[in-house]
Amino acid sequence: MPALLSPHGTGAKPPPLPSILAPSLLAGDHAGLAASAAQVAAVGLHWLHLDIMDGHFVPNLSFGPETLAALRRAEKENARSHTSPTSELQVNESKTFFDTHLMLSEPQRYLKAFAAAGADLISIHIEPDYDHASALAEIRSLGCQCGIVLNPDTPAEAVRHLLADVDLVLVMTVQPGFGGQSFRPAMLEKLKTLDGWRRENGWQWRLEVDGGIGLSEASACRAAGADTFVAGTAFFKAPDLAAFARSVESL
Ligand code: DX5
Ligand code: ZN
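Spelled out as structure tokens, the structure:
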């Protein structure tokens with residue numbers, strides 16, 4: 000009988016998605032971003048979180064599509080110098096997943112530019128006033144995965160209507176704009192709410208957290224349903240990058 004009730008049996012929890020660590024390049028060396036990105040790949044991590052700020056939606060500036068394109072070029076050059084000249088397959092296999100977080104008042108104006116520059120996933124905030132559903136659909140039509148982001152003061156309900164059509168939901172665990180802030184434990188309840196909706200509806204999107212994430216915060220977020228962990232300061236300042244990566248990805 001249980002097989003008729005749900006694929007996971009009566010009341011059984013579906014297995015969580017494997018944990019992914021996405022180091023934020025914002026905490027890397029801005030005079031050598033390609034070298035910082037290479038440090039991430041060197042410890043076996045596949046995701047790289049790219050924070051894009053417009054000085055309007057958030058009170059800070061970071062970098063733009065040209066930086067992503069340059070990082071892609073550097074990555075290819077790096078892969079070529081470590082493989083045989085003919086092994087294009089290996090070059091493509093080593094491609095980092097660019098998890099692109101747009102903190103922009105008008106993200107819809109820049110989607111094409113970021114997709115063309117090499118973004119794999121583009122996340123946009125719910126707070127500014129634009130057509131969120133159309134922007135998410137456009138991201139997919141550009142061949143990227145799409146994500147929706149909530150600031151700490153934005154309730155889960157604000158994105159409820161979009162959750163059937165996203166690949167990732169990003170819960171900000173600090174006010175966006177700057178690295179190095181303290182994690183807000185009150186966000187754990189929001190994670191539980193979103194994870195509950197995901198289970199009830201059989202949705203497959205990733206649930207990501209961003210801001211003030213170290214190993215203990217990632218562990219608390221994992222218990223609340225998160226599976227994807229952005230870490231800027233905690234990753235780049237870790238005494239042993241590989242050990243930090245292994246600890247988070249084994250949560
Ligand atoms: C904040 C950014 C974060 C930031 C996280 O606006 O969205 O990705 O880089 O940095 P840490 O991990 O230092 O809080
Ligand atoms: Zn971010």
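Numbering that gives the first Met the number 0 puts the first residue of the sequence shown at 0, with every later residue one more than the last. A virtual CB, placed ideally from N, CA and C, is assigned to each residue, including glycine.
- What does Ala-230 pair with, by DSSP beta-bridge criteria? Pro-22
- Kindly identify the DSSP beta-bridge partner or partners of Arg-141. Note that residue 141 is Leu in the sequence shown, not Arg. Per DSSP, none; premise fails for Leu-141.
- Query: Mind checking whether Gly-176 and Pro-15 have CB atoms under 8 Å apart?
  - Reply: Contact flag unset, no.
- Inside the segment 115 to 170 only - beta strand (DSSP E) runs reaching at least 3 residues: 120 to 124 and 144 to 149
- Query: When the Cα atoms are used, what is the spatial distance from Leu-20 to Asp-130?
  - Reply: 30 Å
- Query: When the Cα of Val-208 is compared with those of Val-229, Leu-214 and Gly-224, which residue comes out closest?
  - Reply: Val-229
- Query: With 16 as the cutoff for other CB atoms within 10 Å, does Ala-29 come out buried or exposed?
  - Reply: In the sequence as presented, Ala is not what sits at residue 29; that position holds His. So His-29 ends up on the exposed side.
- Message: Report the CB separation of Leu-25 from Asp-53 in whole angstroms; it is logged as a contact under 8 Å.
- Response: Leu-25 to Asp-53, Cβ: 14 Å. No contact.
- Item | CA nearest to the CA of Phe-182, picked from Arg-108, Pro-151, Trp-202 and Leu-162 | Pro-151
- What are the residues that DSSP puts in a beta bridge with Arg-205? DSSP output for Arg-205 lists Leu-167 as bridge partner(s).
- Please report how far the alpha carbon of Arg-139 lies from the alpha carbon of Cys-145, in whole angstroms. Arg-139 and Cys-145 have their C-alpha atoms spaced approximately 6 Å apart.
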